[in-house]
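S.K.: If you count the sequence shown from 1, you need to add 26 to reach the working numbering. The structure's right below; bear with me while I get my questions together.
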Amino acid sequence: MLDKLEAIKERFEEVSQQLIQPDVASDMKRFKTLNKEYKDLEKIVAEYERYKLLLSNIEHTKQVIATEKDEDFREMAKEELDELLPQRDQMEETIKEMLIPKDPDDSKDIIMEIRAGAGGDEASLFAGDLFRMYSRFAEKQGWKMELIDAMEGTAGGYKEIIVGIKGEDVYGKLKFESGVHRVQRVPATETQGRIHTSVASVVVLPEVEELDIEINMNDIRKDLFMSSGPGGQSVNTTYSAVRLTHIPTGIVAQCQDQKSQLKNFDKALAVLRSRLYEIELAKKNEAEGAQRKSMVGSGDRSDKIRTYNYPQGRVTDHRIGLTVYNLPTVMEGNIDEFVEQLRIAENAERLKEGVQA
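This is the structure we're talking about:
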């Protein structure tokens, strides 16, 4: 492990030098890539320096125990060693986790799409509940959420809602939310108290920039229409809503939340770019044979990932077998335990892959 850490330190110093070169500073794409690598390596190098200092202290303490004649000093050194060794073990575990290859998209902002599935009005209401859950979670994380497009359900909730979420490590924390969420409860309209099952799908896409994927604007058809969403009279009476169609793939993205046609265009383009990026990434993984069939899933939208059972007050994540009996708290945005356990599961798999490699 020390050899690997030393190699990382050398690479860190190399990247540091490259970043101050004029040719790099003038190449925005290269500068951005190197700057991200610098920040990632900086954390590992800082931990490595602390680790080396700890190893030095352990070695010094062992020498004191081996050579010191004064029994009191030796006892003090032994007590100190008893404290240092567990610190070393803990730090080694931390470093091992830091050395696990990370998803390069983890630090990206996201576009989240929530859609009602089977279950009629109840599915729309559930989609609304999920949106509220993620809104509360984002608020607790200090993230910024912005509405892109929404279609309300006839009885409340949403048939579809698309939002952008910006902040630190957003995709890394929410990428495992992609999939089918199932709810089991008695709908408000049910007169005989029967439990219904409804579903809503969640898609989490990393928000990508122009540098991440190139789009030929000649391949995009832009249509303008009147907004049917909230925003007041001026929104509903002007052709400010924008629908973009990527002709080669048929992918459509639209935004009608803003009064400004330009702002709606920018938001719709961001959604389109992320959807195209997801397709390109899937192709790349398949070509390289790197599509990971893991326990936590690959974000397949057809996978049933979680069940919210209201009568029993429980939430179960089917990928990792985690069940909690605090459904009301979860629906208030306290999904931290699921987020953490899913990340731990992914890290364990990545660590296993690294050992096998």
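Note that CB positions come from ideal geometry on N, CA and C, so glycine has one too.
Would you list, in sequence order, the uninterrupted beta strand (DSSP E) runs of no fewer than 3 residues that lie entirely inside the segment 176-210?
M.R.: Every beta strand (DSSP E) of 3 residues or more that sits fully in the segment 176-210 is shown, in chain order, as 184-192.
S.K.: For the alpha helix (DSSP H) that contains residue 248, what are its first and last residues?
M.R.: Element bounds for residue 248: not the alpha helix (DSSP H) but the beta strand (DSSP E), 246-251.
S.K.: Would you mind sorting residue 79 into buried or exposed? The rule is 16 or more other CB atoms within 10 Å of its CB.
M.R.: exposed
S.K.: With H, G and I counted as helix, E and B as strand and the rest as coil, what does DSSP make of residue 74?
M.R.: helix
S.K.: Among the residues of its own chain, which have a CB less than 6 Å from the CB of residue 71, if the five just before and after it don't count?
M.R.: 35, 38
S.K.: Should residue 354 be labelled buried (16 or more other beta-carbon atoms within 10 Å of its own) or exposed?
M.R.: exposed
S.K.: Beta-carbon within less than 8 Å of residue 273's beta-carbon, same chain only, minus the 5 sequence neighbours each way: which residues are those?
M.R.: 245, 246, 247
S.K.: What does a CB cutoff of less than 7 Å around residue 77 pick up in its chain, not counting 5 residues either side in sequence?
M.R.: 117, 121
S.K.: Using alpha carbons as the reference points, say which of 126, 149, 123, 195 lies closest to residue 135.
M.R.: It is 195 whose Cα lies nearest to the Cα of residue 135.
S.K.: Classify residue 304: buried if its beta carbon has 16 or more other beta carbons within 10 angstroms, exposed otherwise.
M.R.: buried
S.K.: Thinking C-alpha only, which one of 97, 170, 187, 110 is nearest residue 177?
M.R.: 187
S.K.: Reducing DSSP to helix, strand and coil, say where residue 305 ends up.
M.R.: helix
S.K.: Secondary structure at residue 275, three-state DSSP: helix, strand or coil?
M.R.: coil
S.K.: Excluding the five sequence neighbours on either side, which residues of its own chain have a C-beta within less than 7 Å of the C-beta of residue 203, listed in chain order?
M.R.: 228, 230
S.K.: How many angstroms separate the CA atom of residue 103 from the CA atom of residue 366?
M.R.: 38 Å
S.K.: From the DSSP output, in three-state form, read off residue 27 for me.
M.R.: The DSSP-derived three-state label of residue 27 is coil.
S.K.: Could you give the uninterrupted runs of the alpha helix (DSSP H) lying entirely in the segment 43-73, keeping only those of 4 residues or more?
M.R.: 48-51
S.K.: Identify the residues that DSSP records as bridge partners of residue 213: which are they?
M.R.: Paired residues: none, contrary to the question.
S.K.: Out of 212, 164, 91, point me to the one whose CA is closest to residue 192's CA.
M.R.: Closest by alpha carbon: 164.
S.K.: For residue 361, report the span of its alpha helix (DSSP H) as first-last.
M.R.: No alpha helix (DSSP H) holds residue 361; DSSP gives it neither H nor E.
S.K.: With distance defined between alpha-carbon atoms, name the residue in 65, 125, 114, 59 nearest to residue 30.
M.R.: 125
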